[in-house]
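Engineer:
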Amino acid sequence: MILVTGGAGFIGANFVLDWLTAASEAVLNVDKLTYAGNLGTLKSVQSDPKHIFARADICDRAAIDVLLSQHKPRAILHFAAESHVDRSIHGPAEFVQTNVVGTFTLLEAALAYWKTLPGADQMAFRFLHVSTDEVFGSLSANDAPFSETTPYAPNSPYSATKAASDHLVRAYGHTYGLPVVTTNCSNNYGPYQFPEKLIPLVIGNALSGKPLPVYGDGQNIRDWLYVGDHCAAIREVLARGRPGETYNVGGWNEKTNLDVVHAVCDLLDRLKAKASGSYRDQITFVADRPGHDRRYAIDARKLERELGWKPAETFETGIDKTVRWYLDNPAWVDEVASGEYRKWVEANYAQRV
Ligand code: NAD
Ligand code: DAU
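Be aware that the sequence shown starts at 1, since it is given in the UniProt record's numbering, and climbs by one per residue.
#1: If you measure between the beta carbons of residue 356 and residue 223, is that distance less than 7 Å?
#2: Can you say whether residue 338 is buried or exposed, counting buried as having 16 or more other CB atoms within 10 angstroms of its CB?
#3: Start and end of the beta strand (DSSP E) containing residue 285?
#4: Quick one: is residue 131 buried, meaning 16 or more other Cβ sit within 10 Å of its Cβ, or exposed?
#5: For residue 57, count neighbouring Cβ atoms within 10 angstroms of its own Cβ and tell me buried if that reaches 16, exposed if not.
#6: Where does residue 192 land, buried or exposed, given buried means 16+ other C-beta within 10 angstroms?
#7: Roughly how many whole angstroms lie between the Cα atoms of residue 9 and residue 138?
#8: What is the rounded straight-line gap between the Cα of residue 1 and the Cα of residue 252?
#9: Tell me the start and end of each unbroken beta strand (DSSP E) in the segment 114-155 that is at least 3 residues and wholly inside, in chain order.
#10: Rounded to whole angstroms, what is the Cα-Cα separation between residue 254 and residue 315?
#11: Indicate whether residue 307 and residue 240 have their beta-carbon atoms separated by less than 7 Å.
#12: Between the segment 69-88 and the segment 25-45, do at least 3 Cβ pairs fall closer than 8 Å?
#13: Which residue spans inside the segment 7-65 form an unbroken beta strand (DSSP E) run of at least 3?
#14: Does the contact criterion of 3 or more C-beta pairs under 8 Å hold for the segment 180-198 versus the segment 279-289?
#15: Helix, strand or coil for residue 270, going by three-state DSSP, please let me know.
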């Protein structure tokens, strides 16, 4: 079996659901169930014997040791993290704890477990670390996209803790020989994304008649990748990625935030028109994110060249699927938008108006 951390979050859960559809191998899903983890996302696999869920914190070494020795996974896929940049600005401590201390603890447990494996199993074992393009910092308009050799220059507490975790993973490969591989991916979007992130936030606010908050001038650029394509890339890297290597994953879809918000509004205008006017009328420019990175873009040619991976979705097809999914699944959004979420919205947006 494989062990997935953070498999009740956005990308982890999409990965688990895809894996259980495509593969015959079982998944041990280890998640602390923070505000971002939702078992509701995994309802369809609740009684699947190939899905084993364990509520545990990756910082809890004893709990991870027990899970590893009981289930003997052939690989660990590490998704668990605190993932929202704005939250890292309001409260970085939790990011240091989970992203740095948690990854360190998981690496220590993985190394101890790996050493107990017979030779052939040691060779086949993988620790796949799921990371972000934000570790590379910010690009100017005419800079080349981030490649695997771009120097690290993280700018937010979130990206600094992810960069630290990437360095620890690299060091455990280099020093101890643990077969590690890291992916650095651009912005994901798709079903089951927590509504604190731009695209689901805009869909939710649009439908409830609330302002659509665009930070600064709305000209910051992100490289958008449909989550199913990210999951496919991770499956390829797990199967054929070379230990010790890093792979950039991206969608070749650079868009300004304003373009993204316009695309969502235009789709909603078509699929669920308002009585009068356009959803674009709800767009409100608000105070910028401190230290806001201007542009991210990923050069994903290594992954294509070595493993043959290319995104299947364009931004147009992916955003269409995504908006339709949110329109069809209001109950999922209601369930995750709990009291804690409402408090976060007040904390983040009250001061921006
Ligand atoms: P998410 O916030 O939606 O989910 C994170 C999951 O991790 C949640 O289920 C949460 O309960 C769990 N978790 C948090 N702390 C934990 C702990 N201490 N122990 C065990 N579980 C814990 O995040 P996401 O957007 O799905 O991102 C997953 C991974 O992918 C992260 O490592 C993130 O840095 C990376 N990433 C995300 C994106 C993106 O656009 N969302 C892009 C590139 C890389
Ligand atoms: O690049 C990969 C990263 O993408 C991941 O590592 C992170 O985990 C993920 O959260 C995401 O980070 P961003 O900060 O780019 O995503 P977010 O959805 O928060 O914001 C996208 C852009 O939209 C960013 O430029 C900020 C802007 N924004 C965001 C929100 C929530 C707004 O203008 N208004 C908003 O209300």
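Virtual Cβ for every residue (Gly too), placed ideally from N, Cα, C.
Bear in mind that the values here come from a model prediction, so they are computed numbers and not experimental data.
Structural biologist: In short, the structure shows the following:
#1: What is shown of the chain runs 1 to 353, which leaves residue 356 out entirely.
#2: Stepping through the sequence shown from its first residue, residue 338 is reached at position 338. Exposed, by the Cβ-count rule.
#3: Here residue 285 refers to the residue found at position 285 of the sequence shown. That run of the beta strand (DSSP E) goes 283-286.
#4: Looking up residue 131 in the sequence shown gives position 131. Classification for residue 131: buried.
#5: Indexing the sequence shown from 1 puts residue 57 at position 57. By the 10 Å Cβ count, residue 57 comes out buried.
#6: Within the sequence shown, numbered from 1, the residue matching residue 192 stands at position 192. So residue 192 counts as buried.
#7: Here the question's residue 9 lines up with position 9 in the sequence shown. Here the question's residue 138 lines up with position 138 in the sequence shown. Linking residue 9 to residue 138 through their CA atoms gives a straight-line distance of about 26 Å.
#8: Within the sequence shown, numbered from 1, the residue matching residue 1 stands at position 1. Within the sequence shown, numbered from 1, the residue matching residue 252 stands at position 252. Between residue 1 and residue 252, the C-alpha separation is close to 33 Å.
#9: Listed in chain order, the complete beta strand (DSSP E) runs (minimum 3 residues) inside the segment 114-155 are 126-132.
#10: Residue 254 sits at position 254 when you count from the first residue of the sequence shown. Residue 315 sits at position 315 when you count from the first residue of the sequence shown. Straight-line Cα distance between these residues: approximately 9 Å.
#11: Within the sequence shown, the letter at position 307 stands for residue 307. Within the sequence shown, the letter at position 240 stands for residue 240. A contact, by the Cβ cut-off of 7 Å.
#12: yes
#13: Every beta strand (DSSP E) of 3 residues or more that sits fully in the segment 7-65 is shown, in chain order, as 27-31, 51-55.
#14: no
#15: In the sequence shown, counting from the first residue as 1, residue 270 sits at position 270. Correct three-state label for residue 270: helix.
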